[in-house]
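Participant: Chains as they are written, first to last, in the numbering used here: chain A, 207 to 635; chain Y, 181 to 586. Just so you know, even glycine gets a beta-carbon here, dropped at the ideal spot from N, CA and C. All values reported here derive from a predicted model rather than from experimental measurement. This is the structure, below, for whatever I ask next.
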Amino acid sequence: MMVENTPPKGRGPLSTGEMRLAYSMILPTLLIVMSIVLLPLLANFWISFKPVQLGDLRPPEVRANERMKPVPTASGDVSEISYRLRNSSQQGSIDDVVLTDSLPDGLNIDGTLDSRCDFSNQVLTCNLGVYEAGKRETLIVPVIATNSYIDNPIKPRASKPLLVGDSDNILTNTVFSLDNYRKIFSASEFWSVLRVSLYYTVFGTLGALLFGLFAAQLLNTKFPGRGILRGFFLFPYVAPVIAVAFAWVLLLDAGPGGTLNAILMKIGAADGPVNFLGQRAVPFTIFGFTLKFPVALTTVISFEVWRYFPLSFLFILARMQSMSSEQYEAAEMDGATPLQQFWYISLPQLAGILAVLFLLRFIWTFNKFDDIFLLTGGGAGTRTLTVDVYEQAFAVSNLGAGAAVAVVVFVVLLCSALLFFKYSPQDDG
Amino acid sequence: MRIGNTFFIAPVIGAIWAMIYTVVFSVLAMLITGETLIPDIGTALVSGAIGAVFYILLPALRRNWSWVALTAAIALVAHLVLSGLTSHTSSLSVVPMLTTAVIFLVSAITWHLCLAGMGSESQARYQLEVILIRVLKGLGFVFFTIIVALPFYVMLMTSLKSQQSLLANPLDLSIDISKNPAELFRSYIELFSQYRFGTFLLNSAVVSVSTVLITLLLSVPGAYAVSRLRFPGQAVLSRSILLIYMVPAIVLVIPLYAVFSQLGLRNSLLGLIIVYPATTIPVAVYMLQGYFRGLPYELEEAGLMDGLTRLGVILKITLPLSLPALASVSLYIFMIAWNEFLFAFMFLDDPGIFTLSRGVQALNSSEIPRQHLMAGAVIATLPVLVLFLWFERFLVAGLTAGSVKG
């Protein structure tokens with residue numbers, strides 16, 4: 207029999223105290239992350255199964271319009287107060303609607319009051335029951351004026367009628383449907399949106415990684431001004447997306463005033479202005495095949511590469527500076543050329559950080575919304591899934607469909623994250 | 181003098197650099213002075229090649245800076261002769277002349293850097309690769325500098341121009357220094373006086389600083405517990421932190437929009453101050469726990485032995501030792517909060533509570549001149565860029581040490 211050396215089971219008083227301390231230290235963090243990240247995540251699944259529009263967020267309510275006609279001028283004059291009531295919502299009904307209003311002193315009920323209403327101490331209370339969606343009604347209260355009213359006439363409108371009722375909250379009721387999913391999956395553009403998303407993510411990630419690798423090679427040797435240049439190369443990553451995106455929009459503008467087009471035309475590289483952000487594709491012929499080059503998509507991918515190569519650059523440079531010089535010296539002695547040294551010594555050591563950067567950047571690029579939204583608004587064949595979430599939920603005002611697209615985003619993301627944890631090397635540099 | 185492969189490589193390198201610098205400096209001169217220059221690429225190629233051939237002729241050891249200058253002059257003369265032959269414009273104004281001189285001087289310096297130590301005889305593969313790498317690095321420096329600088333340059337210069345002059349000549353990004361400052365900075369003055377950018381700046385500062393403070397307050401204990409204390413679920417927590425950071429904001433925006441609308445938190449800065457820390461805490465915990473793990477535990481044990489409580493240990497030993505990490509995390513969180521666009525865009529409707537991101541976005545309209553948009557962009561960029569340059573070393577060290585470490 208083998209004797210296993212395992213730590214003692216159970217907990218001593220010391221470790222229990224430590225555990226309590228740990229939990230109390232983590233609790234605030236967990237609570238806020240739960241309520242702002244995890245709960246909304248679940249809520250998003252919930253909403254994706256509900257037929258909810260942006261307008262439904264305002265709960266249905268009964269609105270009232272009150273007036274008195276004719277205006278009594280002498281004691282004993284008969285008049286009518288009318289309440290025009292309507293359910294503001296065309297979809298949700300409201301239960302147990304109660305109207306309460308106080309009538310001015312000296313106005314009394316004359317004749318028969320509506321059977322649902324009750325009048326005492328100058329307070330009118332009406333139990334109006336259920337208000338169906340869009341229901342309208344006019345409630346008439348016959349009144350008679352007395353001397354005290356004529357002496358001190360106050361318009362009944364001076365006191366606003368109070369209306370309460372139980373409306374079904376569209377977000378918390380139990381009406382579910384698969385309509386949102388049916389709608390997004392049957393839409394003809396869904397698959398092209400998914401394809402654009404993947405192109406954008408794959409090429410954006412690879413581009414940023416390759417440029418980062420290149421830039422890191424430049425700054426891996428010591429020279430005066432290296433520190434300044436390193437800071438300068440990080441500018442695109444540090445600056446607010448809103449600022450650099452609009453700078454690019456202006457730079458690439460196809461109309462008069464676009465700097466890049468003016469440069470290209472001046473040096474003779476282009477005949478006319480290129481609509482970098484507005485043109486879906488230009489056809490070109492290669493070996494007799496006519497292919498289409500996606501202009502706007504390439505531009506937004508370039509922007510992504512431009513904005514995020516600094517991040518890869520930073521991590522790759524840090525990794526390269528931690529490499530020992532011995533291997534390179536030995537290789538030098540053996541007559542390895544610079545490219546061989548890069549290929550056989552540097553790259554294998556960078557493989558770990560490159561893999562991690564690829565997966566992280568892949569996920570973050572896939573999640574990216576701001577960049578494309580600000581550059582093209584998702585037009586000209588650049589609509590990715592994340593932009594589609596916004597379009598469905600807020601431009602078309604269909605919150606449910608937007609949430610369903612967000613679920614698709616999340617599922618793709620989850621698969622990538624699982625991959626990341628499966629292949630991420632442990633404690634590598 | 182022996183003639184080998186380098187003798188033929190040199191003119192190629194000379195031609196490449198002369199061409200690149202011709203395009204770059206012509207465009208640069210256009211942008212700076214506003215004068216129109218049409219680069220003559222064909223003559224540049226030939227004269228660059230001629231200059232570089234002369235350069236390689238002298239033995240490697242005897243080449244000095246005067247030789248470099250001489251080859252630059254040879255290339256310049258070749259260029260003048262060639263362009264005199266091909267073009268019929270005889271009037272050479274100052275700017276093109278000066279630009280051309282600069283082009284060939286810089287080209288000569290570059291081919292000197294690329295070919296230093298290389299004779300004109302045949303070189304082995306090792307030496308050829310050295311030349312190739314030098315050329316590639318040079319191209320890299322030029323390329324990256326241009327792509328990084330150009331958008332920022334356009335942003336800054338456009339903000340100082342007027343709409344008419346921009347449309348008349350988009351390449352003229354020169355600044356008229358003779359103008360009085362009030363005229364030059366008109367867009368900025370108008371943004372602050374009419375578009376409430378002072379308020380936006382203040383709102384952004386309030387939101388970002390609050391986010392940093394709340395994040396630190398919550399993530400320091402959290403990170404300490406995850407890295408130092410033993411409790412069930414510790415391993416799961418420390419791994420899942422980064423997962424939470426990967427949840428896309430766009431997935432959260434619909435439920436948060438719906439719930440915050442009904443709670444009345446949506447159109448308020450408080451709503452942002454609740455949401456931002458929740459999205460930054462996971463990164464902060466991840467970066468800090470990495471740093472805490474690297475601190476020697478013996479110090480803390482000694483503190484415990486001497487009768488300090490855990491809280492005392494954290495306040496008196498761990499935190500003072502972690503100041504660099506705290507600085508880099510704070511700066512990183514500040515940048516995230518300052519630059520955040522999506523939630524600010526979705527939540528804020530009322531111009532009185534706009535943050536800068538939201539405020540600049542509101543300037544993107546055809547009714548507002550574009551120099552205002554760019555001035556807004558500069559106002560949003562400047563504070564975060566200055567902070568970054570100030571604390572760059574901290575940020576770089578913190579980012580690369582803590583965040584992605586496996």
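The region 482-496 of chain A: which residues have C-beta closer than 9 Å to a C-beta of chain B, in chain order?
Facilitator: No chain B is part of this structure, whose protein chains are labelled A and Y.
Participant: Looking at the structure shown, is Y:Gly586 part of a helix, part of a strand, or coil, going by DSSP?
Facilitator: With a pLDDT of only 32 at Y:Gly586, under 50, the local geometry of the prediction cannot be trusted, and the value read off the model is given with reservation. In the structure shown, Y:Gly586 sits in coil (DSSP, three-state: anything other than H, G, I, E or B).
Participant: Measuring CA to CA, which of A:Phe420, A:Arg264 and A:Val243 is closest to A:Ser295?
Facilitator: Out of A:Phe420, A:Arg264 and A:Val243, A:Arg264 has the C-alpha closest to the C-alpha of A:Ser295.
Participant: From A:Gly317 to A:Val349, what distance separates their C-alpha atoms?
Facilitator: The alpha-carbon atoms of A:Gly317 and A:Val349 are separated by roughly 8 Å.
Participant: For Y:Pro549, which residues in chain A fall below 7 Å Cβ to Cβ?
Facilitator: The premise fails here: Y:Pro549 is roughly 11 Å from chain A at the closest Cβ pair, so nothing lies under 7 Å.
Participant: Identify whether A:Val303 lies in helix, strand or coil by the three-state DSSP scheme.
Facilitator: Three-state DSSP puts A:Val303 in a strand.
Participant: Identify whether A:Lys275 lies in helix, strand or coil by the three-state DSSP scheme.
Facilitator: A:Lys275: strand per DSSP, three-state reduction.
Participant: Quick one: measure Cβ to Cβ for A:Gly298 and A:Pro266, integer angstroms, because I've assumed they're closer than 8 Å.
Facilitator: Confirmed, Cβ separation roughly 4 Å.
Participant: In this structure, what does DSSP give as the bridge partners for A:Pro500?
Facilitator: A:Ala487, per the DSSP bridge assignment.
Participant: Considering just the uninterrupted stretch of the beta strand (DSSP E) at A:Ser326, what are its terminal residues?
Facilitator: Run containing A:Ser326: Cys323 to Ser326, per the beta strand (DSSP E) assignment.
Participant: Apply the 10 Å Cβ neighbour rule to A:Ile360 and answer buried if 16 or more other Cβ atoms are within range, or exposed otherwise.
Facilitator: Its Cβ having fewer than 16 others within 10 Å, A:Ile360 is exposed.
Participant: Using the Cα positions of Y:Ile193 and Y:Val334, report the straight-line distance between them to the nearest angstrom.
Facilitator: If I take the Cα positions, the gap works out to 31 Å.
Participant: Name, in chain order, the residues that DSSP records as bridge partners for A:Tyr337.
Facilitator: Beta-bridge pairing links A:Tyr337 to A:Ile300.
Participant: Among Y:Val282, Y:Ile548, Y:Val564 and Y:Pro549, which has the Cα closest to the Cα of Y:Ile516?
Facilitator: Selected option, being the one with the closest Cα: Y:Val564.
Participant: Which residues in chain Y sit within 8 Å of A:Met654, going by Cβ to Cβ distance?
Facilitator: Here chain A covers residues 207 to 635 and nothing more, so residue 654 of chain A does not appear.
Participant: Could you give the residue range of the beta strand (DSSP E) that holds Y:Ala362?
Facilitator: Per DSSP, Y:Ala362 belongs to no beta strand (DSSP E); it is in the alpha helix (DSSP H), Pro361 to Leu364.
Participant: Give me the residue from A:Pro489, A:Ile315, A:Gly335 and A:Gly431 with the minimum Cα distance to A:Gln328.
Facilitator: The candidate whose alpha carbon is nearest that of A:Gln328 is A:Ile315.
Participant: Just to check my reading of the structure: Y:Leu479 and Y:Ile497 have Cβ atoms closer than 8 Å, yes? What is that Cβ distance to the nearest angstrom?
Facilitator: About 6 Å separates the two Cβ atoms, so the contact holds.
Participant: According to DSSP, A:Ile315 sits in a beta bridge with which residue or residues?
Facilitator: Per DSSP, A:Val349.
Participant: A:Leu424: buried (16+ other C-beta within 10 angstroms of its C-beta) or exposed?
Facilitator: When all chains shown are included, A:Leu424 counts as buried.
Participant: So, does the region 593-612 of chain A touch the region 478-490 of chain A, judging by three or more C-beta pairs under 8 Å?
Facilitator: No, because fewer than three Cβ pairs between the region 593-612 of chain A and the region 478-490 of chain A fall closer than 8 Å, the two stretches do not touch.
Participant: Residues in its own chain within less than 8 Å of A:Val402 by CB, not counting five upstream and five downstream?
Facilitator: So the list reads Leu503, Gly587, Thr588, Arg589 and Thr590, once near-sequence residues are dropped.
Participant: So for A:Arg432, helix, strand or coil by DSSP?
Facilitator: Note: A:Arg432 maps to helix in three-state DSSP.
Participant: By the three-class DSSP mapping on this structure, what secondary structure does Y:Ser271 have?
Facilitator: Per-residue confidence for Y:Ser271 stands at a pLDDT of 49, beneath the threshold of 50, marking its modelled position as unreliable; the derived number appears in the next sentence. Correct three-state label for Y:Ser271: coil.
Participant: Extract the residue ranges of the alpha helix (DSSP H) inside the region 422-510 of chain Y, only unbroken runs of 4 or more that lie entirely within it.
Facilitator: Within the region 422-510 of chain Y, the complete alpha helix (DSSP H) runs of at least 4 residues are 429-443, 449-474, 477-485 and 490-493.
Participant: Anything in chain Y within Cβ reach of A:Asp576, meaning under 7 Å, just list it in chain order.
Facilitator: Simply Phe521 and Leu522.
Participant: If you draw a straight line from the alpha carbon of Y:Val203 to that of A:Phe429, how long is it in whole angstroms?
Facilitator: So the alpha carbons of these two residues sit roughly 26 Å apart.
Participant: Closer than 7 Å by C-beta to A:Asn200: which residues in its own chain qualify, once you throw out the five before and the five after it? Chain order, please.
Facilitator: Since the first and last residues shown for chain A are 207 and 635, residue 200 of chain A lies out of range.
Participant: Considering only C-alpha positions, which residue in the set A:Ala421, A:Pro310 and A:Thr344 is nearest to A:Asn353?
Facilitator: Among A:Ala421, A:Pro310 and A:Thr344, the Cα nearest to that of A:Asn353 is on A:Pro310.
Participant: Measuring CA to CA, which of A:Ala228, A:Ile232, A:Gln527 and A:Trp252 is closest to Y:Val439?
Facilitator: When only C-alpha atoms are compared, the closest one is A:Trp252.
Participant: Name the residue from A:Phe396, A:Ile346 and A:Leu305 whose alpha carbon lies nearest to the alpha carbon of A:Ser365.
Facilitator: When each option's Cα is compared against that of A:Ser365, the closest is A:Leu305.
Participant: Counting along the chain, where does the beta strand (DSSP E) carrying A:Arg292 start and finish?
Facilitator: Counting along the chain, the beta strand (DSSP E) containing A:Arg292 begins and ends at Val284 to Asn293.
Participant: If you draw a straight line from the alpha carbon of Y:Asp486 to that of A:Ser528, how long is it in whole angstroms?
Facilitator: Going by the C-alpha atoms only, they are around 37 Å apart.
Participant: Going along chain Y, which residues have a C-beta under 7 Å from A:Ser531?
Facilitator: Result: empty, since nearest Cβ-Cβ is about 17 Å, beyond 7 Å.
Participant: Could you tell me the distance, in whole angstroms, from the CA atom of Y:Arg410 to the CA atom of A:Arg226?
Facilitator: Their backbone Cα atoms lie some 10 Å apart in a straight line.
Participant: Distance check for Y:Ala542 and Y:Val463, CA to CA, integer angstroms please.
Facilitator: Each residue's alpha carbon lies about 30 Å from the other.
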